[in-house]
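Just below is one structure, and these are the notes that go with it.
Numbering (the working numbering), first residue to last: 11 to 759.
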C-alpha cells in the first residue's frame, strides 16, 4: 500500500511521462520474410543493418537456385530498403522498375538524423542518373574504380571490358556500400548490378553473360575460324537475300543474280575489315542493308523503266550506282567533318526505335504475298525457323545453343532439301504449260498462274549453276559507267541519313553487349564517315545497295557470345575467298524465291524487334514517349499508303507486291519540276523516311527530361582525362593514329 501511495504521489509531483511503446518487431524470434512482407505493405524502411543482412540471407535461402553472391551481394543489400550509410542513416532507395528493368530513385523514405554526415540527396540523384557534374562526384567515381578494382574483377563474369556507369539502366551500375559494424576487416563493399537476357532473372540486375571470346581475347586460330564461320552463317539471310529480291525485279538473269551475290560477299568482307581497323573498331559486320532496299525498289519501278526491255538490268543498276555514290559522299562529309557530333544531340532512342522498326515494316506487302506463291515450302520454313529460334533456343549441343544460333541457315537447308524432293517427285510439273514461254504470252489463264507458281517452287528453274564461271573476281564498274541524276541523288542523300541513324543506335547497343565504354562522338563520326566510304565502294562495284552496319549483328553477338575483332575479320576473309568462286554465288542464287521470301519474313520481323528494343534506354511507360512512337509509326505507314493510291496504269503492269514502290512517278506532288516531284513522291512513299521525320520532329520539340527521353550518354573527353585506358577499345592502330593526330573531331588519340 505504501508503495502504491508513493507511486501516486510521485506521479502527481513529477512530469507526465508518455507510455512505453513496444518495438514494431520483437528483437528475437522474428521471421525476416514476415518483416519484408509487412514492410512492403506499410512502406516502412528499417535502419538496422542487422535486419538488412538477415533479410538478404533469407532471400538467398528462399531462392535455392539463385545465388545472389554471384552478382555482388557480399554483404546484405536489400533493394527494397536502400543503402545504409556508415553511421546507419538511410540513403535513397534504389529499386528496379518491373517493366523497364532499370533503376528508379525514390528518394529518402526516412529522413536521416541531422548532422549524420550521410550523402546528400542531390549527390545520390546525380550518381543514379549518371550525371556526375560536381568535382566531388567525379572524385568519388575515381576512388570507386581504383579502390575496388580487384574486388570488381572477382565478381564480374566478363572481364573483356570496363564496367560502365550509365544513367539509363542499360549499362552497369556500380554502387558502393560503406558500413562500420565493428569488423575492421570489412570496410568497403562493392555491389555490381547489370541487366541480362536470362528470362529467369527478370527484375534482377546481374552481370552480362560471360563472353566465349571477348573483344581482345586470342583463343587460337582454330576457335577463331570456327567462330568466324559461325558468325557469318547466322547472318546468311541478311547477306545474300537482297539480290534474290532486286535482281529479278530489275530484269536480270540468274547469272546476274549470282554475280551480284558474289559482289556483295566481296564488299561485305572488305568493308568489315576496314571498319574493324579504321571505323569504330567494334565487332560489327558491314553489308547491304535493308535501309537501301526500299529506295532501290522505288527507283527500279519508276515509269521510264517499266517498258524497258533491252539491257534493263544494266541500265537500272548504273542508275542505282550513281545515286548510291552521291548519297555516300554526303555521308562521308557528314562523318569526317564532325557534323555527326552535332547530330548526336538530336538523335535519341525515341527517334532510333521507330525508324529501325519502320525499315522492317516497310516490306510487309512483299513478305508473305511473295512467299504465298508456294505455301508448300514457305509455311514449313516460317514454322521451322520459329521453332528453332524460340522453342528450341535453350537446347545446347556440345555447349552451343545450336538451334538458336543457326536458326536461319539450318531451316533453309532442311526446307531446300524438302523442296528438292518435291520437285524430283513431280509435285511441281508444268502440266502441259511450257516453262520457256513468258507468262505474258500465254493465252490460258490456268497456264499463267501455274507457270508463275512453278517458277517460285521448283529448285531447278535457275540456270545459274550452268552459266556461272568457276572462278570470277568482281571488279569495279563491271556493269558500266554509273549514271548520275539529280532526282535519284536526292533520294539517296536522305536515305544515307536514315542509314546513319540506324548505325548510331547499333553502335550504342553493341558497346553495351561487348561491355565496352560508350563510343565518343568522335568515334561515332569516324564510323559514319567510313560507312560512307564503304558505300562509295559498293556504288563503284555495283551491288545495288549501299553498305552499312547490319542491325542484326547485335542479335548475333548476343546469342553467340562472341565479340572479337579477329573473329569478324577471319570470317570476312572467308567471304572474300567465297566471292571469287562463281559457283558459290550460283548455288545461293538458285534458292527458290518463295523460300527466300519466307526467310525474310522472319528477318524483317527481327529488324522490327531490334528497333523497338532501343526503347529500353528510355522510360517506355511515359505517355510522351509512347505517343511519339505510336504516332510516328502509324503515320509512317499511313502517309505512304496515301501516296501509293495515285496509280494509273501501274496496277496493270507491275505485280501487286511491287505496287507500293511505284508512287515516285505517279504521286500527288506536282510542283512543276519533274526532278523535285519524283524525289518528293519517292521519299514520302517510303515508310522509314516518313517515320524518321515525324519522330525526329516530335522528340526534339515536345518537352521531356533527359531521363524520360533516354538521351544516349556518349563518352566525353573527361573520361579520357581521368582514365585514358577506358576508351582504348576504340583507339586506331598506332601508325594510323600518328598520321591523323590532327583529326580531333574523329576521336583520334
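Virtual Cβ for every residue (Gly too), placed ideally from N, Cα, C.
Tell me the DSSP bridge mates of residue i?
i, result
"residue 296", "559"
"residue 223", "572"
"residue 591", "481"
"residue 639", "Its beta-bridge partners do not exist; DSSP assigns none."
"residue 407", "410"
Just tell me which of the options has its CA closest to the CA of residue i.
i, options, result
"residue 241", "720, 432, 576, 437", "576"
"residue 387", "586, 568, 273, 432", "432"
"residue 235", "300, 464, 584, 634", "584"
"residue 443", "464, 434, 430, 435", "464"
"residue 365", "736, 744, 742, 647", "647"
"residue 276", "594, 653, 566", "594"
"residue 518", "284, 629, 740", "740"
"residue 719", "650, 624, 645", "624"
"residue 224", "334, 356, 526, 706", "526"
"residue 523", "569, 322, 708", "569"
"residue 436", "416, 468, 699", "468"
"residue 484", "586, 508, 428", "586"
"residue 703", "611, 644, 548, 393", "644"
"residue 375", "665, 680, 701, 735", "665"
"residue 332", "711, 722, 501, 312", "501"
"residue 675", "723, 233, 312", "312"
"residue 597", "230, 254, 232", "254"
"residue 421", "355, 408, 411, 397", "397"
"residue 417", "434, 394, 707, 409", "394"
"residue 363", "543, 411, 620, 330", "620"
"residue 590", "272, 335, 258, 373", "272"
"residue 626", "721, 588, 679", "721"
"residue 669", "358, 354, 560, 316", "316"
"residue 270", "482, 412, 543", "482"
Could you tell me if the beta carbon of residue i falls within a distance shorter than 6 Å of some heavy atom in the ligand MG?
i, result
"residue 358", "No copy of the ligand MG appears in this structure; indeed no ligand is present at all."
If you check the beta carbons only, do residue i and residue j fall under 7 Å apart?
i, j, result
"residue 296", "residue 506", "no"
"residue 319", "residue 252", "no"
"residue 399", "residue 555", "no"
"residue 237", "residue 572", "yes"
"residue 303", "residue 326", "no"
"residue 695", "residue 629", "no"
"residue 324", "residue 592", "no"
"residue 415", "residue 244", "yes"
"residue 384", "residue 466", "yes"
"residue 509", "residue 301", "yes"
"residue 691", "residue 650", "no"
"residue 574", "residue 293", "yes"
"residue 493", "residue 328", "yes"
"residue 529", "residue 290", "yes"
"residue 642", "residue 701", "yes"
"residue 652", "residue 677", "no"
"residue 503", "residue 337", "yes"
"residue 725", "residue 708", "no"
"residue 334", "residue 549", "yes"
Our contact map puts residue i next to residue j with C-beta atoms below 8 Å; I'd like the distance itself, whole angstroms only.
i, j, result
"residue 478", "residue 268", "5 Å"
"residue 553", "residue 260", "Between residue 260 and residue 553 the Cβ distance is about 12 Å, and since that is not below 8 Å, they are no contact."
"residue 390", "residue 425", "6 Å"
"residue 371", "residue 546", "Not really, about 29 Å apart at Cβ, beyond 8 Å."
"residue 474", "residue 600", "6 Å"
"residue 541", "residue 558", "5 Å"
"residue 369", "residue 671", "Wrong, their Cβ atoms sit about 14 Å apart, outside the cutoff."
"residue 250", "residue 612", "15 Å between Cβ atoms; not a contact."
"residue 622", "residue 367", "5 Å"
"residue 616", "residue 562", "6 Å"
Within 7 Å (strictly less), CB to CB, does residue i reach chain C?
i, result
"residue 577", "Protein chain content of the structure displayed is limited to a single chain, and chain C is not contained in it."
Open item on the list: When you compare the segment 591-607 with the segment 490-502, are there three or more beta-carbon pairs, one atom per stretch, that lie closer than 8 Å?
Closed with: no
TODO: Answer yes if the segment 525-540 comes into contact with the segment 501-516, meaning at least three C-beta pairs across the two stretches below 8 Å, and no otherwise.
DONE: yes
Open item on the list: Whether or not the segment 348-358 and the segment 682-695 are in contact is what I'm after, with contact meaning three or more pairs of Cβ atoms, one per stretch, closer than 8 Å; do they touch?
Closed with: no
TODO: Examine the Cβ distances between the segment 274-284 and the segment 623-640 and report whether three or more of them are shorter than 8 Å.
DONE: no
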